[in-house]
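Here's the structure we're looking at; comments come further down.
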Amino acid sequence: MKRTKENYWHAYQAWQGENKDDYHRTFSGKLYDEFISLEERTIYLKYSFNAAEASIFCSINIFYIEALIGTYDMEFFLNGEIADDYLDFESVVVKNQIIQVKRSLRIARNALKLGIEAAEVAKITEIPLRYVERLKEK
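Numbering-wise (numbering that gives the first Met the number 0), the sequence shown opens with residue 0 and increments by one.
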């Protein structure tokens, strides 16, 4: 799972850099990387009677300000070698989630500029306080 989480960031940053148009289209712009968090989802052994190799799958959920936006899976051979990886952001669901989160972030930024306290902004926007405080630091 540790390797899966580490490799997610490499895959995400490679996609962000190599396919900028797809990245921006998927997220309707750019995301704050520090607002992305990862959570272990599943780990399982897969053995097919038609294949000579068994493999281990590790899957993590990807959250943006606590909204689930996708999954990342890695497949390993039993010797630890990486067989494949899969980065999946469900476009319709992601766009709806991202639009809502970005709207809340815009409201939070404007409220902070007006001098409203971070705790109040968190209540108004329903964004956890720790993210509002990070936003205030920016």
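Ideal Cβ positions, reconstructed from N, Cα and C, are used throughout, including at glycine.
So Ile106 and Phe62 are supposed to be a Cβ contact under 8 Å. How far apart are they, rounded? In the sequence shown, the residue the question calls residue 106 occupies position 107. In the sequence shown, the residue the question calls residue 62 occupies position 63. No, Ile106 and Phe62 are not in contact; Cβ-Cβ is about 20 Å, not under 8 Å.
CB of Leu113 within 9 Å of CB of Ile126, strictly: Your numbering for residue 113 matches position 114 in the sequence shown. Your numbering for residue 126 matches position 127 in the sequence shown. No, the pair does not count as a contact, with Cβ atoms beyond the cut-off.
Name the two residues that bound the continuous beta strand (DSSP E) containing Asp84. Here residue 84 refers to the residue found at position 85 of the sequence shown. Element bounds for Asp84: 81–87.
Taking Asp32 as part of the alpha helix (DSSP H), name the residues at either end of that continuous run. Counted from its first residue, the sequence shown places residue 32 at position 33. Taken as a continuous stretch (DSSP letters only), Asp32 belongs to no alpha helix (DSSP H), as it is neither H nor E.
According to DSSP, is Ala121 helix, strand or coil? Numbered from 1 along the sequence shown, position 122 holds the residue referred to as residue 121. Helix at Ala121.
Determine the extent of the beta strand (DSSP E) in which Ala53 is found, giving its start and end residues. In the sequence shown, residue 53 corresponds to position 54, counting from 1. Per DSSP, Ala53 belongs to the beta strand (DSSP E) from 53–63.
Chain-order list of residues whose beta-carbon lies under 7 Å from that of Glu132 (same chain, five-residue window excluded): As a working note, residue 132 is residue 133 in the sequence shown. Correct list, in chain order: Ala117.
From Arg2, Glu39, Glu5, residue whose alpha carbon lies closest to that of Leu67: What you label residue 67 is simply residue 68 of the sequence shown in a count that begins at 1. It is Glu39.
Whose C-beta lies closer than 6 Å to the C-beta of Val28 among residues of the same chain, with five residues either side of it excluded? Taking the sequence shown and counting its residues from 1, the one referred to as residue 28 is at position 29. Per the sequence shown, residue 28 should be read as Gly rather than Val. If we look at Gly28 and ignore the five residues flanking it on each side, it has no Cβ neighbours.
Quick check: what's the CA-CA separation for Gln15 versus Tyr7? Walking along the sequence shown from the start, residue 15 turns up at place 16. Walking along the sequence shown from the start, residue 7 turns up at place 8. For the pair Gln15 and Tyr7, the Cα-to-Cα distance works out to about 12 Å.
Taking the continuous beta strand (DSSP E) assigned at Leu67, which residues delimit it? To locate residue 67, count along the sequence shown from 1; it is residue 68. Run containing Leu67: 66–76, per the beta strand (DSSP E) assignment.
Look at the Cβ atom of Phe75, then the Cβ atom of Ile59, and state whether they are nearer than 9 Å. Working through the sequence shown from its first residue, we reach residue 75 at position 76. Working through the sequence shown from its first residue, we reach residue 59 at position 60. No, the Cβ-Cβ distance between Phe75 and Ile59 is not below 9 Å.
From what residue to what residue does the alpha helix (DSSP H) around Lys137 run? For the purposes of this step, residue 137 is taken as the residue at position 138 of the sequence shown. Element bounds for Lys137: n/a, residue is neither H nor E.
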